[in-house]
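Heads up, the sequence shown is in this note's numbering, so the first residue is 244 and it goes up one at a time. Ideal Cβ placement from N, Cα and C applies to all residues, glycine included.
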Amino acid sequence: MLRRPEKEQLVQELTSEFQNSSLVLFTDFKGLTVAQMTNLRRALREKLGSGARLTVVKNTLLKMALKNSGYDVDSHESSFFGPTAVLYVTEGDPVEAIKVFYNFVKENKGTPVCKGLFLERKFFAGEQLEDLSKLPSRDQLIAMVVGGIQAPIRGLVNSLAGVLRSVLYALNAIKEQKEKQ
């Protein structure tokens with residue numbers, strides 16, 4: 244059991260981490276073996292490197308750290324119960340972490356249960372995990388935006404090229420006509 248100074252230190256560390264986190268997901272780890280937790284950590288590390296962490300935290304300390312970081316915890320008090328592990332992402336794509344976690348839950352037949360999460364500081368209930376896991380990754384979104392911007396420009400270029408071709412064909416036709424005369 245942690246003593247008060249150790250608890251204060253932990254809250255300070257978590258507060259610092261949560262302030263820079265794009266994702267904070269809290270889950271009930273009941274029913275998971277140490278090996279399964281290790282596998283989840285390994286899968287997160289493979290996708291996000293050191294940018295994602297999964298740690299077990301007491302609910303009161305977790306709530307304090309989230310409050311200190313500016314998260315709206317009071318409105319979602321019902322999400323903080325029982326044994327809790329927290330997954331947070333400080334670097335990389337938070338949607339990738341959600342996908343890794345969701346796939347882990349599917350592989351383990353619904354265990355662990357997501358209690359809730361903050362994605363870019365907006366709260367989502369645990370039941371929305373599947374929907375969030377279907378979001379495109381950051382790289383896919385960037386590609387979609389670039390493609391959306393490129394399409395009208397490409398269309399304009401093709402239209403202008405078509406007009407230029409028409410003018411060239413007309414000038415060629417006039418030139419050939421004058422050469423025949």
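Membership of Tyr-412 in any beta strand (DSSP E) is not indicated; the residue belongs instead to the alpha helix (DSSP H) covering 381–423.
Its Cα nearest to that of Glu-350, the residue Ala-286 stands out among Ala-286, Gly-369 and Val-254. Contact check for Thr-270 and Ala-328: beta-carbon distance about 5 angstroms, within the 8 angstroms limit, so the pair qualifies. For Thr-354, the secondary structure class from DSSP, reduced to helix, strand or coil, is coil.
Taking the Cα positions, Gln-255 is about 14 angstroms away from Lys-301.
In this structure, Phe-261 sits near Leu-309, with a CB-CB distance shorter than 8 angstroms. Each residue's CA atom was taken as its position, placing Leu-304 and Gly-335 some 25 angstroms apart. With contacts defined by Cβ atoms closer than 8 angstroms, Phe-344 and Leu-268 form a contacting pair. Each of Ser-259, Lys-352 and Pro-395 was checked against the Cα of Gln-279, and the nearest Cα belongs to Lys-352. Residue pairing by DSSP places Asp-336 opposite no residue, since no beta bridge is assigned to it. Distance between Arg-381 and Val-338, taken at the CA atoms: about 8 angstroms.
Ranked by Cα distance from Leu-266, the options Phe-361, Gly-325 and Gln-252 are led by Phe-361. In the DSSP assignment, Val-277 falls outside any beta strand (DSSP E) and lies within the alpha helix (DSSP H) extending over 277–291.
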